[in-house]
Amino acid sequence: IKHGVHMMVATPGRLMDLLQKKMVGLDVCRYLALDEADRMIDMGFEGDIRTIFSYFKGQRQTLLFSATMPKKIQNFAKSALVKPITINVGRAGAASLDVIQEVEYVKEEAKMVYLLECLQKTPPPVLIFAEKKADVDAIHEYLLLKGVEAVAIHGGKDQEE
């Protein structure tokens with residue numbers, strides 16, 4: 001990062017951390033892609049996103065991707081973007097035919113054990129997503145205790161971690 005990059009991928013929290021520590025600058029950045037924008041807004045990152053916008057010095061093109069376009073996202077796009085254009089891909093609510101989705105209902109108290117069973121049947125590498133930072137830490141600690149090599153990544157950790 002110190003020598004400059006052509007592209008950076010970061011969560012809003014991680015990017016804010018790097019900007020505040022002056023480890024990166026957006027002075028010459030001309031493109032910003034916001035993936036899962038609906039989730040970011042729902043999770044309370046709208047203020048962080050607007051702060052990130054303020055670090056841009058020149059014009060930028062912002063690409064905002066969202067699986068859904070509820071009023072909240074439409075209002076954000078209208079207020080935060082200049083001349084926003086909406087492009088719809090596929091039809092609303094349609095599932096991809098290329099994705100096999102399986103749902104397992106597991107009682108809360110059995111989830112960790114079931115996760116371990118699934119990991120034992122699945123060759124690495126594996127990505128596990130959790131909604132809360134505390135859940136990430138709990139899963140990480142559990143897996144380490146069970147002898148599973150694992151790394152936890154979330155916005156509450158320093159880049160060095």
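Everything in the sequence shown is counted per UniProt numbering, starting at 1 for the first residue and increasing by one.
Every residue gets a Cβ at the ideal spot worked out from N, C-alpha and C, and that includes glycine.
For residue i, which three-state DSSP category applies?
| i | result |
| --- | --- |
| TYR31 | strand |
| HIS140 | helix |
| ALA53 | Note on identity: in this sequence residue 53 is Phe, with Ala being the wrong assignment. In this structure, PHE53 counts as helix in the three-state DSSP scheme. |
| PRO12 | helix |
Restricting to Cα atoms, I'd like to know which of the options is closest to residue i.
| i | options | result |
| --- | --- | --- |
| TYR55 | LYS78, ASN75, LEU15 and GLU102 | LEU15 |
| ALA80 | MET7, THR62 and GLY13 | THR62 |
| ASP137 | GLN120, MET112 and LEU119 | MET112 |
| LYS57 | MET8, ILE41, ARG30 and TYR105 | ARG30 |
| LEU115 | ASP98, HIS140 and SER96 | HIS140 |
Going by DSSP, name the residue or residues bridged to residue i.
| i | result |
| --- | --- |
| THR86 | Paired residue(s): none; THR86 is not in a bridge. |
| THR62 | LEU32 |
How about residue i and residue j: do their beta carbons lie closer than 7 Å?
| i | j | result |
| --- | --- | --- |
| GLY155 | THR11 | yes |
| ASP38 | ILE85 | no |
| LEU18 | VAL9 | no |
| ARG50 | LEU32 | no |
Do the segment 115–122 and the segment 139–154 make contact, defined as three or more Cβ pairs closer than 8 Å?
-> With contact defined as three or more Cβ pairs closer than 8 Å, the segment 115–122 and the segment 139–154 are in contact.
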